[in-house]
Amino acid sequence: MARRGDTKGRRPVGGKRSGNAAAAPQGDTVYGIHSVEAVLASRHAQAPLALWVQEGAAERRLAQLIAQAEQRGTPVTQVTREVLDQSSGNGNHQGVVAFCPALQAEAEQSLLWRLEGWNEPTPPLLLVLDGVTDPHNFGACLRNVDAAGGHGVIVAKHRAAPLNGTVRKIASGAAEAVPVYQVTNLARTLDALREQGVWVYGTAGEAQQTLFDVDLRGPTALVMGAEGSGMRRLTREHCDQLVKLPMAGQVSSLNVSVAAGISLFESVRQRLG
C-alpha cells in the first residue's frame, strides 16, 4: 500500500494537476524511471492514479515521462526529494514515484478457459511457483516469463508473495504484461493442466533426469519450489516428471528466479531449434 508522506514542499507541475495532493493515493507505489515508464506504456495496466516527480532539475529530466502521464490523464505533482524518499521507503526512485491501482490476479477458471480455446502461435509455456513468498523473487520470475515469451505464472492463494509494488518494481513492466493466476489448490490445478494436455515438470535436486534431457517443445508447465524447502510433497506427486539442473560446483541449489530463467530459456532454445 502507498505510504503517506510529508506535505511540505509539494506543488503542481506547470499548474496541471487534478485531485488532492495532501496525501499519497491508495494503491501500489511504483518508483524508478524504467518501472514507471513500463506502467505508463502498458496497454494492459490502468493509468496511475497520480505521478510525483522531484522538483528542480529532475522535473526537466523527466519531461518526456511527465508528458506520457498527462496523455494518459494522470495528475502530475512536483514534490521534494524528501517526500519521494518517504513515499518509496527510501528506495532508488530516481526522482519519480507513481501511485497505481493494485493489480489483480486472475482465477483458475480463466486459465482453463484460455487453454481450452488456445489460439497462440506457440504452445503454452507456464511457470508454477510453489511457496515462493519473497516479492523480489516473484518479480524476477515474472520478468523471466515475459522475456521468454511465456504465457503466465500460477501461484497458490496461500504461501505466495503478494502482487504488490515491490513485485512491480522488480518485474520492470512484466507484472503488467504477464497474467498471474491465483489458485486455491495447486495440486488440483496441476491435474487440470495435465487434462488439458500440458506436461508438468517439477524441479527437484534428487531427480534422475536433467532439464536438458526432456522435451520442452510442447505445452509445458515448469514447477519451482521455494529456495531451500523446494516443492511440497503433494505438489511433487502431481507432476508428470521431476527434473533437475546439473550442479557442478559447491552450491546445492540456485535462487528460484535464476533456476526459473534457465528452465524457461531451455524451453525457448528447444522451440527455436
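Just so we're aligned: the sequence shown equals residues 621 to 893 in this note's numbering. Think of the CB as a built atom: it goes at the ideal place given N, C-alpha and C, for glycine as much as any other residue. Only a predicted model underlies this, so the values are computations on that prediction, with no experimental measurement involved.
Residue i burial status per 10 Å Cβ neighbour count (16 or more: buried)
i, result
"residue 702", "exposed"
"residue 664", "exposed"
"residue 804", "exposed"
"residue 675", "buried"
"residue 871", "exposed"
"residue 856", "buried"
"residue 648", "buried"
"residue 869", "exposed"
"residue 661", "exposed"
"residue 644", "buried"
"residue 849", "exposed"
"residue 736", "exposed"
"residue 770", "buried"
Beta-carbon separation (whole angstroms), residue i vs residue j, contact threshold 8 Å
i, j, result
"residue 721", "residue 669", "6 Å"
"residue 686", "residue 696", "5 Å"
Beta-carbon contacts of residue i that lie in its chain and below 7 Å, excluding the five residues immediately before and after
i, result
"residue 779", "751 and 753"
"residue 667", "692, 693 and 694"
"residue 851", "750, 822, 824, 843 and 845"
Span separating the alpha-carbon of residue i from that of residue j
i, j, result
"residue 765", "residue 715", "29 Å"
"residue 786", "residue 759", "8 Å"
"residue 733", "residue 816", "10 Å"
"residue 773", "residue 726", "10 Å"
"residue 672", "residue 706", "12 Å"
"residue 853", "residue 806", "12 Å"
"residue 874", "residue 756", "15 Å"
"residue 867", "residue 840", "23 Å"
Close-in-space but distant-in-sequence residues of the same chain around residue i (CB under 6 Å, 5 per side omitted)
i, result
"residue 654", "792"
"residue 768", "884, 885 and 888"
Contacting residues, own chain, Cβ-Cβ under 8 Å from residue i (five flanking each side not counted)
i, result
"residue 652", "711, 712, 713, 714, 716 and 789"
Checklist entry - How about the segment 723-733 and the segment 837-844: do they share at least three Cβ pairs that are nearer than 8 Å? => result no
Next on the checklist: Pairs of beta-carbons, one from the segment 806-826 and one from the segment 861-877, closer than 8 Å: are there three or more?
Outcome noted: yes
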